[in-house]
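If you're matching them up, the sequences are chains A and B in order.
Okay, so the first sequence: first residue is 1 according to the numbering used here, each after it adds one.
Okay, so the second sequence: first residue is 1001 according to the numbering used here, each after it adds one.
Here's the structure we're looking at; comments come further down.
2 protein chains.
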Amino acid sequence: MRGDNRLSRMLHVLIHLGQEEGPATSERLAQMLDTNPVVVRRTMAGLRDKGFVRSDRGHGGGWSLTRDLDQINLLDVYRAIDEPAIFALSMSEDTPRCLVEQAVNAALESELREAKTSLLKRFEGITLAALAKDFERRARQVRRVKLHCP
Amino acid sequence: MRGDNRLSRMLHVLIHLGQEEGPATSERLAQMLDTNPVVVRRTMAGLRDKGFVRSDRGHGGGWSLTRDLDQINLLDVYRAIDEPAIFALSMSEDTPRCLVEQAVNAALESELREAKTSLLKRFEGITLAALAKDFERRARQVRRVKLHCP
DNA sequence: TTCTATGCAACATTAGAAGTTACTAATTGA
DNA sequence: TCAATTAGTAACTTCTAATGTTGCATAGAA
């Protein structure tokens, strides 16, 4: 598996929505993500169900935020996309008979659980507004670099 | 992808080797892991290259430890199997043009790097001897349970 | 009614781990 | 020397979950 991009993609899209006037269509968001409108709808569905965005059909429809970016954190988004697996590492069996295997799995599972808890706690402390602020800092930086190298 | 079992499997095998008299063949180890001798050789190759086990061909050959279990920790094994990806989460692009995407990736990568560092530090503190000790505790427990329910 | 948009089911593609086959090479021992 | 045993390895298939795609239904605006 090369990896699960959904979290990264949804964060990307939500911050763009925060910069928009009206709604953005799946088609436009798909272009931003270099993918397909169906993939966008599929993944955004979770965010809509959790009340972070709304979707409207027909002329002038599309996706829009229903909360400010400072009211959404990374844990919210992770949960909204259905809490995909964090780790690529996994155990060979769920309930092995072998006691050695049981001991190995218990140790690994304990460490991964701890790492996951700690990571999600950090996710909870990062709002999309903070990411948007970093984006703006980068945008100013680009402008400055451009002025220096015309 | 359901996940990468190599770390779990190698820990399992190494602890069994620690309980053995002579070498164990790939065939026997494969039975323990419910897999195939070729998969065993493929994964054990890294451990051999790093000097944790040796392999001998011909009659009476097979795999054996070249260090005590208290001289091998989980980080050693993780590195020996070529440091597979820890996380299933990943970024959509390596070097995106979009500044929003850059900000998102920077934040996620920073958190994942931090989580990985912390996890590997913990791995370093866990020796295979400690896992073997937990295995023995479980074995005693099973015996006790069996005595109570004959 | 027509155009635009999402909703969704069904299917194809993809990437990497795992599994398999078929063979070679080395070592032991009769 | 020869037969049996065991690892080494390349090449291929299978499996799984995310991703991509097609086609059509549904809803809303002009």
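Note that beta-carbon positions come from the ideal geometry of N, C-alpha and C, so glycine has one too.
Looking at residue j and residue i, is the spacing between their C-beta atoms short of 8 Å?
| i | j | result |
| --- | --- | --- |
| Ser90(A) | Asp1004(B) | yes |
| Leu14(A) | Leu65(A) | yes |
| Val77(A) | Leu11(A) | yes |
| Leu1033(B) | Arg1054(B) | no |
| Leu131(A) | Ala1107(B) | yes |
| Thr1117(B) | Asn1073(B) | no |
Indicate the three-state DSSP secondary structure (helix, strand or coil) for residue i in the structure shown.
| i | result |
| --- | --- |
| Thr1025(B) | coil |
| Thr127(A) | strand |
| Asp94(A) | coil |
| Arg1054(B) | strand |
| Gly1062(B) | strand |
| Asn1073(B) | strand |
| Asp1134(B) | helix |
| Asp68(A) | coil |
| Asp1049(B) | helix |
Residues of chain A with CB closer than 7 Å to the CB of residue i, please, in chain order.
| i | result |
| --- | --- |
| Arg1122(B) | Glu111 |
| Phe1135(B) | Leu99, Val100 and Ala103 |
| His1148(B) | The contacting residues do not exist; His1148(B) stays about 18 Å from chain A at best. |
Chain B partners of residue i, CB-CB under 8 Å?
| i | result |
| --- | --- |
| Asp4(A) | Ala1088, Leu1089 and Ser1090 |
| Ser118(A) | Ala1115 and Ser1118 |
| Ile126(A) | Ala1107 and Glu1111 |
| Ile15(A) | Val1100, Ala1103 and Val1104 |
| Leu33(A) | Ser1092 |
Would you mind telling me which residues of chain A sit closer than 8 Å to residue i, beta carbon to beta carbon, in chain order?
| i | result |
| --- | --- |
| Ala1139(B) | Leu99 |
| Val1142(B) | Leu99 |
| Ala1106(B) | Asp134 |
| Pro1084(B) | Ala88 and Leu89 |
| His1012(B) | Ser92, Cys98, Val100, Glu101 and Val104 |
What whole-angstrom Cβ distance do residue i and residue j have, given they're in contact under 8 Å?
| i | j | result |
| --- | --- | --- |
| Ile81(A) | Leu7(A) | 6 Å |
| Leu1099(B) | Ala24(A) | That pair is no contact at about 17 Å. |
| Leu69(A) | Gly18(A) | 4 Å |
| Ala1085(B) | Ala85(A) | Contact doesn't hold; Cβ gap of about 12 Å is too wide. |
| Ser26(A) | Arg48(A) | Between Arg48(A) and Ser26(A) the Cβ distance is about 12 Å, and since that is not below 8 Å, they are no contact. |
| Glu1111(B) | Arg113(A) | Actually they are not in contact, since the Cβ atoms of Glu1111(B) and Arg113(A) sit about 17 Å apart, beyond 8 Å. |
Under 7 Å Cβ-Cβ, which residues of chain B neighbour residue i?
| i | result |
| --- | --- |
| Arg9(A) | Ser1092 |
| Ala80(A) | The premise fails here: Ala80(A) is roughly 15 Å from chain B at the closest Cβ pair, so nothing lies under 7 Å. |
| Leu131(A) | Ala1103, Val1104 and Ala1107 |
Determine the closest residue to residue i out of the options, with distance taken between C-alpha atoms.
| i | options | result |
| --- | --- | --- |
| Gln1141(B) | Gln102(A), Glu111(A) and Arg122(A) | Gln102(A) |
| Ala45(A) | Glu21(A), Ser92(A) and Trp63(A) | Trp63(A) |
| Arg1067(B) | Gly1061(B), Pro1037(B), Lys1050(B) and Val1104(B) | Lys1050(B) |
| Ser1092(B) | Thr35(A), Val145(A), Glu109(A) and Arg137(A) | Thr35(A) |
| Arg1079(B) | Glu1020(B), Arg1002(B), Lys1146(B) and Phe1052(B) | Phe1052(B) |
| Glu1136(B) | His148(A), Asp56(A), Arg137(A) and Val104(A) | Val104(A) |
| Asp1056(B) | His1148(B), Arg1097(B), Arg1143(B) and Gly1022(B) | Gly1022(B) |
| Gln1155(B) | Gly1061(B), Arg1144(B), Val1145(B) and Ala1129(B) | With chain B covering 1001 to 1150 only, the question about residue 1155(B) has no answer from this structure. |
| Arg1002(B) | His148(A), Asp94(A), Val145(A) and Arg144(A) | Asp94(A) |
Under 7 Å from any heavy atom of the ligand NAP, does the C-beta of residue i make it?
| i | result |
| --- | --- |
| Arg79(A) | Annotation note on the ligand NAP: not contained in the displayed structure, which lists no ligands. |
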